[in-house]
Amino acid sequence: MMRRRAGRVALLAVLLATGGLLVTSALRDTVTYYRTPGELLADPDVARHRVRLGGDVVPGSLRHDGELVVFRLAEGSHEITVEQRGAPPETFREGTEAIVEGTLSTDGVFRSDQVVVRHGNEYRPSSAPAAPVDAR
Numbered sequence: 536m537m538r539r540r541a542g543r544v545a546l547l548a549v550l551l552a553t554g555g556l557l558v559t560s561a562l563r564d565t566v567t568y569y570r571t572p573g574e575l576l577a578d579p580d581v582a583r584h585r586v587r588l589g590g591d592v593v594p595g596s597l598r599h600d601g602e603l604v605v606f607r608l609a610e611g612s613h614e615i616t617v618e619q620r621g622a623p624p625e626t627f628r629e630g631t632e633a634i635v636e637g638t639l640s641t642d643g644v645f646r647s648d649q650v651v652v653r654h655g656n657e658y659r660p661s662s663a664p665a666a667p668v669d670a671r
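Take 536 as the starting number for the sequence shown in this note's numbering and just add one per residue.
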């Protein structure tokens with residue numbers, strides 16, 4: 536009887552471990568981390584690989600040159616110039632938080648092919664009073 540119970544416990548442990556590995560591998564592709572400009576500049580090994588970089592778009596740094604959009608992302612006292620190919624999202628503005636994906640080139644410019652604008656998690660009604668509804 537003890538042998539049978541030990542076999543069931545071992546089988547249960549194997550099934551749980553397998554399930555845990557499957558869940559972990561599935562989540563690995565969905566959880567995305569990004570680096571800040573300070574972290575990216577401090578770690579040259581990370582800069583050689585494709586990464587996500589997050590920070591605030593520096594006011595006054597945004598310029599459009601055909602299909603190329605150039606701006607700076609900042610975090611604290613660290614800034615990185617970003618060159619983005621293609622149009623960023625409509626909500627992309629100076630002073631907003633953004634995450635870009637790409638690589639840091641040897642000249643210190645981050646070459647991006649994707650921009651995601653971060654949105655706050657706080658939603659408030661507009662401060663303008665609502666127009667009265669005409670009930671005709």
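Where a beta carbon is used, it is the ideal one built from N, C-alpha and C, also for glycine.
The residues L603, V604, V605, V644, F645, R646, S647, in chain order, have a CB closer than 8 Å to that of E618 in the same chain once the five nearest residues on each side in sequence are set aside. Apart from sequence neighbours up to five positions away, the residues of its chain that approach G589 with a beta-carbon distance below 6 Å are Y569, I634, ordered along the chain. Burial check for L551: the Cβ neighbour count within 10 Å stays below 16, so the residue is exposed. Per the coordinates, the alpha-carbon of T553 lies some 35 Å from the alpha-carbon of T571. At least 8 Å separates the beta-carbon of A577 from that of D591. With 16 or more neighbouring CB atoms inside 10 Å of its own CB, L575 falls in the buried class. A straight-line Cα-Cα distance of about 12 Å links L557 and V549. S640 and R583 have their alpha carbons spaced roughly 8 Å apart. Contact annotation: V650 and P623 have beta-carbon atoms nearer than 8 Å.
Contact annotation: R585 and G637 have beta-carbon atoms nearer than 8 Å.
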